[in-house]
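1 is the number of the first residue of the sequence shown in the UniProt record's numbering; add one for each residue after it. All C-beta atoms in this analysis are idealised placements derived from N, C-alpha and C, irrespective of residue type, glycine included. See below for the structure under consideration.
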Amino acid sequence: MSYFYVSTGTLVVKEPLNFWGGARVKPKDTKNSEPVYEPATDEIARAEVANNGKSITEAQVDIDVAWQCIEYYAGIAPTLSGRLEYWLINLTRWLHIQLPGGSFAYTRREPLGVCVGIGAWNYPFQIAAWKSAPAMACGNAMVFKPSPMTPVTAVMLAEIYKEAGVPDGLFNVVQGGAETGGLLCHHPMVAKVSFTGSVPTGKKVMEMAAKGVKQVTLELGGKSPLIIFKDCELENAIKGALMANFLTQGEVDIARAHRVAANLQAGTCYINNYNVGPVEVPFGGYKMSGFGRENGQVTIEYYSQLKTVVVEMGDVESIF
Numbered sequence: 001m002s003y004f005y006v007s008t009g010t011l012v013v014k015e016p017l018n019f020w021g022g023a024r025v026k027p028k029d030t031k032n033s034e035p036v037y038e039p040a041t042d043e044i045a046r047a048e049v050a051n052n053g054k055s056i057t058e059a060q061v062d063i064d065v066a067w068q069c070i071e072y073y074a075g076i077a078p079t080l081s082g083r084l085e086y087w088l089i090n091l092t093r094w095l096h097i098q099l100p101g102g103s104f105a106y107t108r109r110e111p112l113g114v115c116v117g118i119g120a121w122n123y124p125f126q127i128a129a130w131k132s133a134p135a136m137a138c139g140n141a142m143v144f145k146p147s148p149m150t151p152v153t154a155v156m157l158a159e160i161y162k163e164a165g166v167p168d169g170l171f172n173v174v175q176g177g178a179e180t181g182g183l184l185c186h187h188p189m190v191a192k193v194s195f196t197g198s199v200p201t202g203k204k205v206m207e208m209a210a211k212g213v214k215q216v217t218l219e220l221g222g223k224s225p226l227i228i229f230k231d232c233e234l235e236n237a238i239k240g241a242l243m244a245n246f247l248t249q250g251e252v253d254i255a256r257a258h259r260v261a262a263n264l265q266a267g268t269c270y271i272n273n274y275n276v277g278p279v280e281v282p283f284g285g286y287k288m289s290g291f292g293r294e295n296g297q298v299t300i301e302y303y304s305q306l307k308t309v310v311v312e313m314g315d316v317e318s319i320f
């Protein structure tokens, strides 16, 4: 894909962004995808099977998780539109500082602008939702590039957003491989890149984004080792190790488990279970597994920027 096509695809988002970033987002607007999305769940799952090769059971779970993500950030979006009572109890996002002489300062969360999402092949539709939902809830536009191995279902998500009433240009899908990803990372209009994939490619994404001083979120995975204590219920532990799912594993000393988790240099730990990822809970890694987080309220901080406004209520002092 040439630079011209990538440039055209990203330039499309500029005008809607100006409207979206300053608009009051209402719950009824952000949840319009519900009647569009739910009837299409089975259709999307079948497409994901053809797209990715996973079983229909796994695909249906992925689509359900994606919908939960969209619904979650649709619920958060109205709280980012300036409701004072919300901000006063969430001081990490809004802060009023009283200054001498009646002057004051305050902070506000604002959109970054155009965000790029680069997805992996293993959860194509789910990753597209994980990246686009918080980005758009914060007032950003997103250009999403799925893996060239699984290009289909991200387009279906774009169609759902379109039918639900998302303004043109807010969510854009660009197909292509490494060259296309590089062009997006280098594009001067892009303010942030969120990448899910391998460590070597993540390093390249970070290097390219650094040249434009762009924010980056990297979800690079990991080997996910299991720690099985000697007094566990062995049969359940074996099943959990084989299935990568420690359901009712049977650990008795939960204090020890908390102690071990506190001392692990890992971004995500599971106790008595494995790979459980509710959308309300942040997900991400330490060290070579990347930085930044997907899911949870903290993701809002990764798709927005903090502005400080200082208001002088008296006369301007001058040394001249």
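Cutoff 6 Å; reference residue i; Cβ partners in own chain excluding five residues on either side
i	result
Lys307	Arg108, Glu110
Lys131	Gly117, Ser194
Tyr302	Thr217, Gly292
Gly277	Phe283
Val298	Pro282
Ala59	Ala45, Glu48, Val49
Candidates the options, of which the one nearest residue i by Cα
i	options	result
Ala141	Glu233, Ser304, Met313, Glu48	Ser304
Thr201	Gly221, Tyr73, His187	Gly221
Val199	Gly285, Ile70, Glu280	Gly285
Cys69	Gly267, Val281, Glu58	Val281
Val126	Phe104, Ile319, Cys115, Val152	Before going further, note that residue 126 is Gln rather than Val in the sequence given. Among Phe104, Ile319, Cys115, Val152, the Cα nearest to that of Gln126 belongs to Val152.
Gly53	Ala74, Val190, Trp121, Arg256	Trp121
Thr41	Asn51, Val61, Ser55, Ala50	Val61
residue 335	Ile319, Ala261, Val65, Met313	With the chain covering only 1 through 320, there is no way to say anything about residue 335.
Thr268	Ser289, Lys145, Met206	Ser289
Val310	Glu233, Ala129, Gln98	Gln98
Pro78	Asn51, Cys138, Lys230, Gly197	Cys138
Pro134	Ser318, Ile56, Ala66	Ala66
Ile63	Met136, Met156, Ile76, Tyr73	Met156
Cys185	Glu43, Val143, Ser55	Val143
Glu71	Ser55, Tyr161, Asn236, Ala59	Tyr161
7 Å CB neighbourhood of residue i in its chain, flanking five on each side removed
i	result
His96	Phe104, Tyr106
Ala191	Leu112, Gly113, Val114, Cys115, Lys214, Gln215
Pro124	Glu48, Asn51, Asn52, Pro146, Ser147, Thr150, Thr153, Ala154
Gly296	Glu280, Val281, Pro282
Met206	Val216, Leu218
Met208	Gly182, Cys185, His186
Glu294	Trp130, Glu219, Phe283, Gly284
Lys203	none
Outcome for residue i when other beta-carbon atoms lying within 10 angstroms are tallied against a minimum of 16
i	result
Ala178	exposed
Ser147	buried
Ala210	exposed
Ala129	buried
Leu80	buried
Gly169	buried
Ile254	exposed
Ala47	buried
Phe171	buried
Asn263	exposed
Val260	exposed
Thr57	exposed
Val316	exposed
Ile44	buried
Glu235	exposed
Ser318	exposed
Integer Cβ distance of residue i from residue j, believed to fall under 8 Å
i	j	result
Thr196	Gly119	6 Å
Ile76	Ile238	No, Ile76 and Ile238 are not in contact; Cβ-Cβ is about 40 Å, not under 8 Å.
Val173	Ala158	5 Å
Contacts around residue i, its chain only, beta-carbon distance under 8 Å, and the 5 residues preceding and following it disregarded
i	result
Ala241	Leu226, Ile228
Ala266	Gly222, Gly285, Tyr286, Ser289
Ser55	Val49
Glu85	Because the pLDDT of Glu85 is 38, which lies under 50, any placement of that residue in the model is unreliable, and the number read from its coordinates should be weighed accordingly. Same-chain partners within the cutoff: there are none.
Check: residue i C-beta below 7 Å from any heavy atom of the ligand NAP
i	result
Ile44	As for the ligand NAP, it is missing from this structure, which has no ligand bound.
8 Å Cβ cutoff, residue i in contact with chain C
i	result
Ala77	Absent here is chain C; the protein component of the structure consists of one chain.
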